[in-house]
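Count the sequence shown with our numbering and you get residues 8 to 147, in order.
For each residue, glycine too, the CB sits at the ideal point set by N, CA and C.
These numbers were taken from a predicted model, which means no experiment stands behind them.
Beneath this line is the structure, given in structure tokens, with notes to follow.
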Amino acid sequence: MADSPQLLKFDVCIFKKDDVPFEDFARWVKEEYPPKAVPIMKKHGIVQWAQTITPPQLRGAYQQVLNSLGRSEWSVPNYDLVLSYWLRDPEDMKRLTQDPEWIELEKDAQSRANFSIGHFVAGYETVHLAALEARGPAAV
Numbered sequence: 008m009a010d011s012p013q014l015l016k017f018d019v020c021i022f023k024k025d026d027v028p029f030e031d032f033a034r035w036v037k038e039e040y041p042p043k044a045v046p047i048m049k050k051h052g053i054v055q056w057a058q059t060i061t062p063p064q065l066r067g068a069y070q071q072v073l074n075s076l077g078r079s080e081w082s083v084p085n086y087d088l089v090l091s092y093w094l095r096d097p098e099d100m101k102r103l104t105q106d107p108e109w110i111e112l113e114k115d116a117q118s119r120a121n122f123s124i125g126h127f128v129a130g131y132e133t134v135h136l137a138a139l140e141a142r143g144p145a146a147v
């Protein structure tokens, strides 16, 4: 059996605007944004999409863990959100971001997200552990 082609993964690391409370931003990210974004992504062949919301208290706690491990030069980035996209072809992302509906959605997001700064990661993901039973409740 031939291996299926490896999917390309894009991570878009986003900061909220300073005047937007984190709780309001997280609620918008989890409840309002997905129902609008997912249909447009499906239209353009995005295979999978995930959000990682990074609460400030969690970032601080993990920075302390790094420090206690003697890794004071390591850092926990202070992004508020990481959006992960898996796709077959980079052109799918290009088509998505040029879609008029997506452009409107991004205009709406500008009232909450600070698009003047951010970070972008592109690469191939290799999953070594994905069994459902490996997932348990998160310890905070």
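Exercise for review: Report the rounded CA-to-CA distance for Met-8 versus Glu-80, giving the unit in angstroms.
Suggested key: Because the pLDDT at Met-8 is just 44, under 50, the model does not fix this residue reliably, and the point stays unresolved.
Review point. If you draw a straight line from the alpha carbon of Ala-94 to that of Ser-75, how long is it in whole angstroms?
Key: Correcting the residue type first, residue 94 is Leu in the shown sequence and not Ala. C-alpha separation (whole angstroms): 38 Å.
**Study point:** Residues sharing a beta bridge with Trp-93, DSSP
**Key:** Beta-bridge annotation (DSSP): Trp-93 is paired with Lys-16, Gln-55.
Check your understanding: When you compare only the Cα positions, how much space is there between Leu-15 and Asp-25?
Key -> Leu-15 and Asp-25: Cα-Cα distance of roughly 32 Å.
Review point. Taking all protein chains shown into account, do 16 or more other C-beta atoms lie within 10 angstroms of the C-beta of Tyr-40, making it buried, or fewer, making it exposed?
Key: So Tyr-40 ends up on the buried side.
Point to revise | Selected residue, minimal CA-CA separation from Asp-18, among Gly-130, Val-134, His-135, Ala-137 | key: Of the listed residues, the one whose Cα sits closest to Asp-18 is Gly-130.
Practice item. Please work out which residues of its chain come closer than 6 Å, Cβ to Cβ, to Val-89, disregarding the five sequence neighbours upstream and downstream, and give them in chain order. Key: Taking C-beta separations shorter than 6 Å and ignoring five residues to either side along the sequence, the partners of Val-89 in its chain run Asp-18, Cys-20, Thr-59, following chain order.
**Study point:** Straight-line gap, His-126 to Arg-102 (C-alpha atoms, nearest Å)
**Key:** Roughly 20 Å separates the two Cα atoms.
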